[in-house]
Structure formats: structure tokens, C-alpha cells
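Peer 1:
In our numbering, the protein residues as written are 11 to 221.
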């Protein structure tokens, strides 16, 4: 018998990040909440983004007016210049509108928030790329088992075993080994290999993060 400490993870985990620099305005979900695809989970302040959009919309209108005037005068030099300026303003306007749309961070699929609590950070500045929340599917899991280097030679993909959760030790669940990480890591003074396994019939009470 080969055993080791294990943890339950989502089969797919999606990290939601800040799409642009700004300030956190609202938080509608935190770790442990179940969410639906498209549900708004957090919002960035939109005032600056709206002003930016209005500024580029105004400049685009001005360049289009100048373009029409140059066309009426048959001024080819000004026509080319105003066309280029209008194209630049149009591109900047599209970028500002995209940023405004992305100010609302939504759930990419049905699942559970497994990491992140933004309720204590309202009003705080965030930088583009800052990790805000992590979501995992509610019904798809994997198990990562830490097997000591002395026992890893006895483990092969395709083997079956059982998972006993600390929270539900009396309710074991069958699992199947999928792959073995080829590199060892040091954990509490021992070298272990992480073995990825799939649950054959996961119980309804299963949650990501269980040990």
C-alpha cells in the first residue's frame, strides 16, 4: 500500500485578473460562493474610463468635421492628415470602449470561487494583471497526491486507489492515477512526487481545497 497527503483541486482553474489599472469599486463574490457563467463578480471604477471614452469620441468628431471640410475644399494634404488623425482617434475610442466593457469582471463558466476575497479591498487601487479571484468548475475535480520518493517506483498511471478526506474519513472515494510529475519537490524535509489522479465517482459534498 502506498499513501500520501492529498488535496482536491478543480480540474480546470481560471484566474480572473484586473483588465486595466483602476480602483476596485464593487465585489459581488468571494471564496466559497457558487457562481454562474456571465455573473458579475467584481467591478472597477468607471468614471475615468468614461471620461476617456468621451474625450476620444469628441476628438473623432472634430477630425471627421475637418475631414469633411478638407474634402469640400479638395485640399489633398489636409485630407490625408485628417484621415490619419480620425483613424487614430477611432482606434483609441474602440480601445476605451473595450476597457469600459471589461471593467466588469464576470465568471467565465459555472463554478465555485476557490480563492479571493475582495470585500475588504473596496476603493483600493489595482494594477493591470493583478489576480483578483480564482474559479473552478463545481463538478470536475482532480486529486494531487504527494508520494514519498521511496514509494514512487511502485506507482504507475492507470492504477486505482481510494481517497479518504479528513472531513469525511468514513466515506472513501475511488480514484485512478493519471500522471506522475517527473520532478520531486521538498515538503517538510522530505522529497515527494506529485501524482495526479481522477475521481471515479466523486461525492456530492466534495469541494476544492479539501485535504
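Glycine included, every Cβ here is placed at the ideal spot set by N, Cα and C.
Every value quoted in this text rests on a predicted model; they were computed, and no experiment measured them.
My parser needs the beta strand (DSSP E) runs of 3 or more residues fully inside the region 133-196; what are they?
Peer 2: Whole beta strand (DSSP E) segments, 3+ residues: 141-146, 151-158, 170-173, 183-190.
Peer 1: DSSP three-state call for residue 98: helix, strand or coil?
Peer 2: Helix at residue 98.
Peer 1: Nearest to residue 103 by alpha carbon, out of 65, 171, 53, 41?
Peer 2: The candidate whose alpha carbon is nearest that of residue 103 is 65.
Peer 1: Give the secondary structure of residue 16 by DSSP, where H, G and I count as helix, E and B as strand, and everything else as coil.
Peer 2: If DSSP states are grouped into helix, strand and coil, residue 16 belongs with the strands.
Peer 1: Need the endpoints of the beta strand (DSSP E) that residue 125 sits in, please.
Peer 2: It spans 121-125 - the beta strand (DSSP E) in which residue 125 sits, taken as one unbroken run.
Peer 1: Compare the Cα-Cα distances from residue 24 to each of 114, 55, 144 and report the closest residue.
Peer 2: Residue 24 has its Cα closest to that of 144, out of 114, 55, 144.
Peer 1: Among all the DSSP beta bridges, which residues are the ones paired with residue 199?
Peer 2: Partner(s): none; residue 199 has no beta bridge.
Peer 1: Leaving out the 5 sequence neighbours to the left and right, which residues in its chain are closer than 7 Å to residue 177 when beta-carbon positions are compared?
Peer 2: Excluding sequence neighbours, residue 177 sits near 220.
Peer 1: By a C-beta neighbour count over all protein chains shown, 10 Å radius and 16 as the cutoff for buried, is residue 152 buried or exposed?
Peer 2: So residue 152 counts as buried.
Peer 1: In chain order, which alpha helix (DSSP H) runs of at least 4 residues are fully inside the region 12-89?
Peer 2: Fully enclosed alpha helix (DSSP H) runs of 4 or longer: 57-83.
Peer 1: Buried or exposed: where does residue 162 fall if 16 or more other Cβ atoms within 10 Å of its Cβ makes it buried?
Peer 2: Per the 10 Å Cβ criterion, buried.
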